[in-house]
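Numbering (this note's numbering) for the sequence shown: 23 to 185.
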Amino acid sequence: MDNTARNIALVPPPDRRQSETALAVARGTARLLRSLGFSCISELPLPSGRRADLVALNERGEIWIVEIKSSVEDLRADQKWHEYRAHCDRLFFAFTQDLPCEIFPEDTGLIVADAYGAHMHCEAPEHKLAAATRKQMTVRFAMAAALRINRLVDPQGHADFWE
Numbered sequence: 023m024d025n026t027a028r029n030i031a032l033v034p035p036p037d038r039r040q041s042e043t044a045l046a047v048a049r050g051t052a053r054l055l056r057s058l059g060f061s062c063i064s065e066l067p068l069p070s071g072r073r074a075d076l077v078a079l080n081e082r083g084e085i086w087i088v089e090i091k092s093s094v095e096d097l098r099a100d101q102k103w104h105e106y107r108a109h110c111d112r113l114f115f116a117f118t119q120d121l122p123c124e125i126f127p128e129d130t131g132l133i134v135a136d137a138y139g140a141h142m143h144c145e146a147p148e149h150k151l152a153a154a155t156r157k158q159m160t161v162r163f164a165m166a167a168a169l170r171i172n173r174l175v176d177p178q179g180h181a182d183f184w185e
């Protein structure tokens, strides 16, 4: 197995930095994405070394990245979101209804969410991925999903290999 697969966390570690609000927004957003025909993975490491909050893939191979923002300060502190565009067809921010839409960049989509669901406030502009990048992201997504499931089904079966 190549080193890329080894760098993908089998089960993402709990991120103690995330607030309850961020976790709730992620859950509601994942529900919306599933209703739109996407499967999604949280905390997926990207080829750039960054980690996307949610990455979604549909049967047409479209890849969306959703960054979760729980506060104005959270958005202001995040200078890395521009880099995510290179790894997706559409880039979104998901947030609670308590945050004003005006603070988010105009060239991203907006999703308003809570723990129970979400709605698309505005669509993200499309910027199609190159074929090689799409393949790389699709394989990364599939490997992470399969490895996480394997780890859940057989936690001891991977201990020696992955640690």
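Beta carbons: idealized from backbone N, C-alpha and C, even for Gly.
Range of the contiguous beta strand (DSSP E) that encloses residue i
i       : result
Ala-166 : Run containing Ala-166: none in the beta strand (DSSP E); it sits in the alpha helix (DSSP H), 153-175.
Ile-133 : 131-136
Cys-144 : 139-144
Cutoff 7 Å: residue i Cβ touching any chain C Cβ
i      : result
Leu-79 : Among the chains of the structure shown, chain C does not appear; only one protein chain is present.
Secondary structure of residue i, DSSP reduced to three states
i       : result
Glu-124 : helix
Gln-178 : helix
Lys-150 : coil
Asp-24  : Note on Asp-24: pLDDT 47, under 50, position unreliable in the model; the coordinate value appears next. In the structure shown, Asp-24 sits in coil (DSSP, three-state: anything other than H, G, I, E or B).
Proximity winner among the options, relative to residue i (alpha-carbon distances)
i       : options                   : result
Gly-83  : Phe-163, Leu-76, Ala-140  : Phe-163
Arg-73  : Val-88, Phe-60, Ser-61    : Val-88
Glu-128 : Pro-147, Leu-121, His-141 : Pro-147
Arg-112 : Ser-93, Arg-49, Asn-80    : Asn-80
Leu-68  : Val-175, Arg-156, Arg-56  : Arg-156
Thr-160 : Leu-66, Trp-103, Val-47   : Leu-66
Glu-105 : Ala-154, Thr-130, Arg-170 : Thr-130
Cys-110 : Ala-168, Asp-176, Val-77  : Val-77
Supposed contact pair residue j and residue i - C-beta distance, whole angstroms, cut 8 Å
i       : j       : result
Ala-108 : Ser-64  : Going by Cβ atoms, the distance from Ala-108 to Ser-64 rounds to 20 Å, so no, they are not a contact pair.
Trp-12  : Phe-114 : Since the first residue shown for the chain is 23 and the last is 185, residue 12 is missing from the structure and cannot be characterised.
Arg-50  : Ala-135 : The residue asked about is misnamed: residue 50 is Gly in this sequence, not Arg. Indeed they touch by this definition, with Cβ atoms about 4 Å apart.
Ala-44  : Ser-92  : 4 Å
Leu-54  : His-141 : 7 Å
Heavy atom of the ligand NAP within 6 Å of residue i beta-carbon
i      : result
Arg-82 : Judged by which ligands are present, the structure shown has none, so any question about the ligand NAP falls away.
request  = Would you mind listing the beta strand (DSSP E) stretches within the segment 32-118 that are 3+ residues and don't spill past its ends, in chain order?
outcome  = If we require 3 residues or more, the beta strand (DSSP E) runs fully inside the segment 32-118 come out as 60-67, 73-80, 85-90, 112-117.
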